[in-house]
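Each residue of the sequence shown is one higher than the last, beginning at -11 in our numbering.
Ideal Cβ placement from N, Cα and C applies to all residues, glycine included.
Each remark here refers to the structure printed beneath this line.
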Amino acid sequence: MNYVEAVSWLDGFSRFGVKLGLERITCLCNRFGKPQNSYRVIHVGGTNGKGSVCHFIGSVLTSAGYKTGVYISPHLQRFTERITIDGEEIAEDDVVALVKKLKPVVDELKKDGDPPTYFEIVTAMAFLYFKEKNVDFAVVEVGLGGRFDATNIVNPVLSIITNVSLEHQNILGNSIGDIAFEKAGIIKENIPVVTGAEGDALRVIKERAERKNSELFIVDDTWWKRLSHDITGQEFLIKGLLREYQVRTRMLGVFQGKNIAISLTCVENLQMKGFYIPDESIFHGIERMVLSGRMEILQMNPLIVADGAHNIASVKILAESLKNDFDYDKLILILGILSDKNISEMLRIILPLADAVIVTRSSNERACDPVKLKEKIEKLGFDEQIVVKDEISDAVKFAKSIAKKDDLICITGSLFTVGEAKNYFY
């Protein structure tokens, strides 16, 4: 078996879709000696910002000398992006070796009639890889929800819920309270929890933390302030539990201030537990972290920015960033959105900023047909240019052909769209 065959084998499990529950992942990991219990885990849930928070924390811990694994999803361009240690992606040979170990057990479970899902197998792979590589910490991102997510078999030293907004209502519930209840399911007995949630979501998280006797740290917008920004990065003043920090990040978007504040609250919790994390590791770790597909500049002149905003809350954040963080003449949007999202509401937020829209689709089976997406845009009364391009590469080429040097091209709507667009540039 080679790497392409290993990834193809994994991809074959995508057809089983989402099956929440901890039975299959527990069975899978038990067969390998519960690898998730071999290192300290920081468990990161929430609606938006999870990936950034995971990598900020991972970068700081690596800078402090701890061997640190990070597990996130989905990947943008390469499967290996999902599993990293000290910022280095898992080697293709290691993917093959792990698939060879997991396959016989997975085949047994398939015969029993309840095959694990793609996400469950990859999660088990990450847990096993981190054990084999003897990491000190693993920063683990929740896949979907929390309570019944495959990652929720960990026993963390700290739990994080970045924020809560409407998403995956068909699975998690129709209200903020319902969704917060699912996400709060990662809060464990006597384990501290950090959150940036507000309103009804915060109320639900507070109730869960009280029931679990877990100390709760609430990070709100008074904890951070942006001092400066340009297209090379930003500086923030962060109010921590122990001190204030003036940090620089190469990540763009004012919203990263809160992500950094949440991350540093986690880091300070670890310091209070006795882990040595000097200030220079904090500054260096925050500054060196770069995460693809989040307000990422792909090209200058014309400026091309890619952001994987894929729900109402993240599109609102994107719209604010486009208004406040960039100077441009006209905005050309390249949009590819999954069909199970609240497309009309996402469009209502972003369309008023656009001077032209190019609709396209990723190869993901859930991608909205671009013709239908165009119809939705027209129904909302958008009377500027709308162009349909079935291939993302053609959408990028067309956008570049109509853009003037002072225009801004923004590729958004889905991480899958952004990932495939990046293939055009790299």
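| Residues of its chain near residue 238, where Cβ-Cβ distance is below 6 Å and the 5 sequence neighbours each way are ignored | 221, 278
| task | State the start and end residues of the unbroken beta strand (DSSP E) segment that holds residue 59. | result | 56 to 59
| Closer than 8 Å to chain B by CB, residue 312 | Protein chain content of the structure displayed is limited to a single chain, and chain B is not contained in it.
| query | In the DSSP assignment, what are the bridge partners of residue 63? | reply | Answer by DSSP bridge pairing: none, since residue 63 is not bridged.
| field | Option nearest residue 399 by Cα separation, candidates 296, 135, 171 | value | 296
| For residue 217, which residues does DSSP report across the bridge? | 222
| said: With three or more C-beta pairs closer than 8 Å as the rule, is the segment 112 to 126 touching the segment 10 to 29? | reply: yes
| said: With a threshold of 7 Å (Cβ to nearest heavy atom), would residue 308 be considered close to the ligand GDP? | reply: Judged by which ligands are present, the structure shown has none, so any question about the ligand GDP falls away.
| query | Whole-angstrom Cβ separation of residue -3 and residue 91, contact assumed at under 8 Å? | reply | 7 Å
| field | Minimum C-alpha distance to residue 404 - residue among 260, 62, 12 | value | 62
| Cβ shell of residue 370 (< 6 Å), same chain only, five flanking positions each side left out | 339
| request: Specify whether the segment 201 to 213 and the segment 246 to 260 touch according to this definition: at least 3 beta carbon pairs, one from each stretch, less than 8 Å apart. | output: yes
| said: If I measure Cβ to Cβ from residue 171 and keep anything under 7 Å in the same chain, skipping five residues before and after, which residues do I get? | reply: 33, 34, 133, 134, 149, 152
| field | Minimum C-alpha distance to residue 351 - residue among 315, 381, 341, 374 | value | 381
| query | Quick one: what's got a C-beta closer than 6 Å to residue 227's C-beta in the same chain, skipping five residues either side? | reply | 211
| message | Assuming residue 255 is part of the alpha helix (DSSP H), what are its boundary residues? | response | 244 to 260
| said: If the criterion is Cβ atoms closer than 8 Å, does the pair residue 303 and residue 334 meet it? | reply: yes
| request: State the beta-bridge partners of residue 147 as determined by DSSP. | output: 31, 181
| 8 Å Cβ cutoff met for residue 241 and residue 305 | yes
| request: Please list, in chain order, all residues of the same chain as residue 480 whose beta carbon is under 6 Å from its beta carbon, the five residues on each side excluded. | output: There is simply no residue 480 to check, as the chain begins at -11 and stops at 414 in what is shown.
| message | Using only the alpha-carbon positions, how far apart do residue 76 and residue 287 sit? | response | 24 Å
| said: In the DSSP output, which residue or residues are listed as bridge partners for residue 287? | reply: 292
| request: Have a look at residue 116 and residue 21 and give me their C-alpha separation to the nearest angstrom. | output: 9 Å
| request: Could you say which of 53, 107, 113 lies nearest to residue 80 if we only look at CA atoms? | output: 113
| What is the DSSP secondary structure of residue 77, reduced to helix, strand or coil? | strand
| Where are the alpha helix (DSSP H) runs, 4 residues long or more, that stay fully inside the segment 86 to 168, in chain order? | 106 to 120, 157 to 160
| field | Residue from 178, 187, 177 with nearest C-alpha to residue 166 | value | 187
| Distance, residue 154 Cα to residue 231 Cα | 34 Å
| task | Grab the span of the alpha helix (DSSP H) containing residue 198 for me, first residue to last. | result | 187 to 199
| query | Exposed or buried, which one is residue 143 when buried takes at least 16 other CB atoms within 10 Å? | reply | exposed
| How far does the alpha helix (DSSP H) with residue 308 in it reach, from first residue to last? | 300 to 313
| task | Mark residue -8 as exposed unless 16 or more other C-beta atoms lie within 10 angstroms of its C-beta, in which case mark it buried. | result | exposed
| query | So does the segment 355 to 375 actually touch the segment 256 to 265, counting three or more Cβ pairs closer than 8 Å? | reply | no
| Burial state of residue 283 (16 or more Cβ within 10 Å) | buried
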